[in-house]
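Down below is the structure, laid out as structure tokens.
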DNA sequence: CCCGATTCCTGTAGGC
DNA sequence: TGCCTACAGGAATCGG
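Numbering (my numbering), first residue to last: 1204 to 1474.
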């Protein structure tokens, strides 16, 4: 399930081959993703050149000389290169062929992802305008998080997963970051001191950076541009480790449901 | 405005 | 072995 590190790993994997490449054809086999793949996308993109591959939140932004492709991997989407002539498999929904020698193939069993195209600045697209700061940027500080949490009674974990507060932190990294910061996932966001918020923002940054360093987290769905999994799941301290001994205090890790999402924490270390 | 619940979808795992 | 059900989750949207 791609969160920010997995999307960033994907970006780094596909950017070298895509940058300055010419799109020779686009094939759409399934339009029914989270939002319909625009019918005219293939026509718009055929023959144009890719200028850059960037990321904002969990969106990949493929800038061409005829608009920008906006790609979201949802929770089961992958992008990988195959050679032309490779038979499509189940859930291979879209092909973008470049330089007649590689196909960037989008596969998404659950179809929670999307592929869109815009002529405008993609940051002005409705899906991207209300996003909070990047967690790895200097804008995401303890002061910022403390300020935007004032008076909020929502539990800190779903608060951290709210893209209007900060982007890219999904279910796995929210649990991991709160464990590292020693904060209980159910604690009201508005009742966390500035000092603890500073610890939390540092924990978020560290967890995300370490995950990127390990190639992301593969639990079941995530594979990078070369079809290889990430190895950060070995480094997870609480996620999917219910009943295992906490690495700090040896008490069993607990699993609860919070905001309709499974949540993992140490009841002894997190308050 | 705030916040919890619902919704989309399919593969996987567990129960019988 | 096979059928059935529960569950996983990103994020928009709905409802109170």
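Heads up, the beta-carbon is just placed ideally off N, CA and C, and yes, glycines get one too. All of these numbers come straight from a predicted model, not from anything done at the bench.
Rounded to the nearest whole angstrom, the C-alpha separation of residue 1310 and residue 1398 is 43 Å. Residue 1446 counts as exposed, since fewer than 16 other C-beta atoms from the protein chains shown sit within 10 angstroms of its C-beta. By the C-beta criterion, the stretch 1265 to 1280 is judged to be in contact with the stretch 1228 to 1247, since at least 3 inter-stretch pairs fall below 8 Å.
Closest by C-alpha distance to residue 1464, out of 1213, 1221, 1448 and 1443, is 1443.
Within the stretch 1216 to 1292, the beta strand (DSSP E) runs of at least 3 residues that lie entirely inside it are, in chain order, 1226 to 1231, 1253 to 1259, 1262 to 1267, 1270 to 1275 and 1281 to 1285.
Across the set 1251, 1300 and 1318, the C-alpha of 1318 shows the shortest separation from the C-alpha of residue 1280. The Cβ neighbour count for residue 1448, taken over all protein chains shown within 10 Å, is under 16; the residue is labelled exposed. By the C-beta density criterion, residue 1450 is exposed, having fewer than 16 other C-beta atoms within 10 angstroms. DSSP places residue 1398 outside any beta strand (DSSP E); the residue lies instead in the alpha helix (DSSP H), whose first and last residues are 1397 to 1416.
For residue 1328, the CB contacts under 8 Å within the same chain, skipping 5 residues up- and downstream, are 1273, 1319 and 1321 in chain order.
By the neighbour-count criterion, in which a residue is buried when 16 or more other Cβ atoms sit within 10 angstroms of its Cβ, residue 1412 is exposed.
Counting along the chain, residue 1300 sits inside the beta strand (DSSP E) bounded by residues 1295 to 1301.
In terms of Cβ geometry, residue 1380 and residue 1407 form a close pair [threshold 8 Å].
Here residue 1205 really is in contact with residue 1261; their C-beta atoms are around 7 Å apart, less than 8 Å.
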